[in-house]
Every structure is written in structure tokens, then in C-alpha cells.
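One structure is given here, and the rest of the page talks about it.
Below, the structure written as C-alpha cells:
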């Protein structure tokens with residue numbers, strides 16, 4: 023009897039061996055395809071970054087860019103590359119990564135493809151906070167009747183005060199959502215709708231503050247909301263990079279939880295994932311990450327909404343690969359938008375927020391018509 027049982031087990035193992043080998047082969051091909059896409063995205067990001075260093079009022083070749091980055095070119099090229107273009111490109115990369123990761127985390131935990139910093143009231147809260155800093159606190163106040171341009175009006179604002187107020191306003195939206203979620207259990211759909219309501223509330227508050235302001239103050243607020251990668255200082259860039267790195271580490275550490283939530287809350291609970299805790303923590307971290315970028319760069323729309331969508335279509339909803347892919351896609355999208363800002367009506371530089379919206383909205387509409395599914 024024992025001999026018969028062992029013989030049957032050997033037959034089962036022999037029968038299952040080809041099936042296991044087939045599964046292993048398919049999984050290896052699956053992983054290989056994902057890694058190839060990630061490698062292609064990394065190559066595109068590097069190429070776009072190098073091309074962006076040569077774009078501007080002073081056209082530079084690839085050799086000029088390389089020599090300027092190493093400090094081996096003439097004084098003018100060195101100054102342009104190291105003091106102007108390299109910080110701007112690094113800012114675009116860090117900001118794009120941060121916004122895309124935040125959007126990916128929002129969409130993962132809320133299981134809603136429309137979740138982003140702009141639809142949850144984060145961007146509008148930042149604009150409200152900046153308006154308070156510039157108009158009420160007086161950071162951007164100008165003398166009555168002063169014929170200041172938008173740039174001059176914005177330069178009157180204390181950058182640190184404006185950035186802190188914008189960050190506080192952005193986090194206020196998250197705080198309200200967090201408080202109401204603790205007070206009453208809310209579905210992911212209700213959280214997104216609450217974000218839309220908060221967006222309208224902050225937009226109305228910003229309009230009222232501007233209504234009682236002077237022309238130069240309104241110009242300063244409008245200029246801030248345009249978004250500008252060039253106004254970020256090295257210290258601010260370091261703060262953005264730190265926030266981005268910490269947030270990325272948190273999101274990647276929870277990649278398996280996001281994969282479980284993708285299959286439904288019931289499955290996630292069955293696998294031991296505390297969905298409510300993961301959702302709230304992820305929203306807080308994502309909001310802090312996006313708020314840091316918005317506080318320093320201004321309003322930059324659609325990056326956190328479109329980049330995860332496009333990558334989900336290419337890679338599926340495996341967050342082991344979707345998170346880094348979204349990060350690189352967001353950085354590339356913001357770099358491309360910044361290049362358009364500098365080229366379309368050179369030597370004028372268009373606002374980055376307007377360009378990301380113009381480029382991102384058609385892509386998002388196309389994805390909707392193609393039937394993007396979670």
C-alpha cells in the first residue's frame with residue numbers, strides 16, 4: 023500500500039513538472055517584459071534630460087552641455103549649464119517623480135483612476151495658502167497704484183512664507199479628509215467626491231481673497247499659480263528631493279499591499295492588509311510629497327493623473343513595476359513640458375502649469391475613450 027502511494031506521488035510530480043516549468047517560463051517572460059519597459063523609460067528619461075540642458079535662449083550642443091556640466095567649457099557656458107539649466111532639469115525630474123508617485127498612490131489606495139492632487143483639493147488648497155501669504159500676511163504687498171508686473175509682484179513675496187503657507191493649505195485638504203474619515207467611515211468614491219467639494223471651497227476662498235486685494239497682489243498670486251521650475255532654489259530642491267525619496271521608499275515598501283488592494287478590499291483583508299490604515303497613511307504621505315512640490319513650484323496639473331494611467335496601460339497594475347515606471351514617466355512628461363515652455367514662443371518662457379494641462383488633458387481624454395480599466 024505504501025509503495026502504491028509513493029508511486030502515485032511520483033506520477034503526480036512527473037505530470038506537474040511540465041506545468042510548473044511552463045508557469046516559470048511565462049513568469050520569466052512577464053518579468054523580462056516589465057524590466058525592458060523600465061529600461062526603455064530610463065533611457066528616454068536620460069535622453070530627455072540631456073536634450074533639455076541644451077534648450078534655451080543660448081543653444082548648446084551635446085558636447086557643450088557635457089563640458090559645461092563638468093566646468094570645462096568657457097565661463098558663459100559653465101554658468102548657463104551649472105547655475106540655470108541643470109538646477110531646472112533636476113527640479114523637473116524631482117517634481118515629476120514626486121507628483122507621479124503621489125498620483126499612483128492615490129489611485130492605488132482609493133481604487134479610483136481620477137484620484138490626484140488636483141482632484142482631491144491639494145493643489146487648490148496650496149493656491150489658497152499662497153494667496154493668504156501674499157495678500158493677507160503681506161508677503162507680496164505692493165504700494166497702492168503701483169504698476170508692477172506679474173513677475174515683479176511675485177518677487178515681492180517672501181518665498182519661504184509663501185511656500186510654507188502653500189504647504190499648509192495643501193495639507194489642510196488632507197487633514198479635512200482624514201478627520202472626516204476618522205469621524206465616519208467613507209468609501210473611496212466618497213473621499214474623491216469630498217476632494218472635489220474641497221477643491222471648489224478653496225477656489226472660492228482664493229477668489230474672495232483676491233477680490234479685496236490690490237492689482238499687484240493679485241498679479242503676484244496669479245504668477246505663483248502659473249508654476250515655474252526656474253524659481254526653485256538649491257535648498258528648496260534639496261527639500262523636494264528629500265521628501266520625494268522618503269515618499270518613494272514608503273510607497274515601494276507598501277507595493278504588495280497596493281497589489282492586494284487592487285484585487286478588492288475583501289481579498290486585501292484576507293491577505294492580512296489593514297486597508298483603512300494603509301489608505302490613510304498613503305494619502306498623508308502622498309499629500310506631503312505633492313504639497314512640497316506644489317509649495318515650491320506652483321500649480322502643476324495632470325502629471326500625477328496621466329503618468330500612472332499611461333504606465334498602467336503598458337505594464338498593468340503590478341505596483342512593483344508600476345511605481346518606478348510612473349515615476350520615470352512623470353519626470354519625462356514634466357521635462358518635455360518644460361522644453362515646450364522654452365521653445366514654443368522663444369525667448370519667452372510659458373507657464374509650466376498651463377503647458378502640462380494642455381498636453382495632459384488630450385492624453386487623458388484619449389485614454390478615457392480607449393477604455394482605461396483598473
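Numbering (our numbering), first residue to last: 23 to 396.
Virtual Cβ for every residue (Gly too), placed ideally from N, Cα, C.
These numbers come from a predicted model, not from an experiment.
Distance between residue j and residue i (C-alpha atoms, nearest Å)
i: residue 110; j: residue 386; result: 26 Å
i: residue 361; j: residue 134; result: 31 Å
i: residue 368; j: residue 296; result: 52 Å
i: residue 333; j: residue 236; result: 44 Å
i: residue 304; j: residue 128; result: 7 Å
i: residue 131; j: residue 300; result: 7 Å
i: residue 145; j: residue 192; result: 6 Å
i: residue 217; j: residue 376; result: 22 Å
i: residue 96; j: residue 78; result: 17 Å
i: residue 388; j: residue 328; result: 11 Å
i: residue 381; j: residue 359; result: 8 Å
i: residue 353; j: residue 343; result: 16 Å
i: residue 326; j: residue 214; result: 15 Å
i: residue 288; j: residue 116; result: 35 Å
Collapsed DSSP secondary structure at residue i in the structure displayed
i: residue 170; result: In this predicted model, residue 170 has a pLDDT of only 39, less than 50, meaning its place in the structure is not dependable; the value taken from the coordinates is given anyway. Residue 170: coil per DSSP, three-state reduction.
i: residue 396; result: The pLDDT assigned to residue 396 is 49, lower than 50, so where the model puts this residue is not dependable; a value taken from the coordinates is nonetheless given after this. Three-state result, residue 396: coil.
i: residue 95; result: coil
i: residue 397; result: This structure does not reach residue 397, given that the chain is present from 23 up to 396, and the question cannot be answered.
i: residue 276; result: coil
i: residue 260; result: helix
i: residue 330; result: helix
i: residue 367; result: coil
i: residue 348; result: helix
i: residue 245; result: helix
i: residue 79; result: coil
i: residue 46; result: helix
i: residue 237; result: helix
i: residue 386; result: helix
Own chain, CB closer than 7 Å to residue i, minus 5 neighbours either side, in chain order
i: residue 198; result: 220
i: residue 345; result: 123, 126, 273, 274 and 277
Buried or exposed (CB count within 10 angstroms, at least 16 for buried), residue i
i: residue 281; result: buried
i: residue 391; result: exposed
i: residue 48; result: exposed
i: residue 384; result: exposed
i: residue 156; result: buried
i: residue 52; result: exposed
i: residue 366; result: exposed
i: residue 207; result: exposed
i: residue 204; result: exposed
i: residue 68; result: exposed
Proximity winner among the options, relative to residue i (alpha-carbon distances)
i: residue 72; options: 79, 86 and 60; result: 86
i: residue 74; options: 341, 112 and 384; result: 112
i: residue 158; options: 187, 141, 50 and 56; result: 187
i: residue 330; options: 315, 319 and 351; result: 351
i: residue 138; options: 153, 195, 98 and 88; result: 195
i: residue 271; options: 117, 249 and 308; result: 308
i: residue 184; options: 310, 150 and 100; result: 150
i: residue 154; options: 180, 141 and 136; result: 180
i: residue 224; options: 101, 242, 62 and 147; result: 147
Residues near residue i by beta carbon distance below 6 Å, same chain, minus five either side
i: residue 189; result: 313 and 317
8 Å CB neighbourhood of residue i in its chain, flanking five on each side removed
i: residue 59; result: 336, 337, 343 and 347
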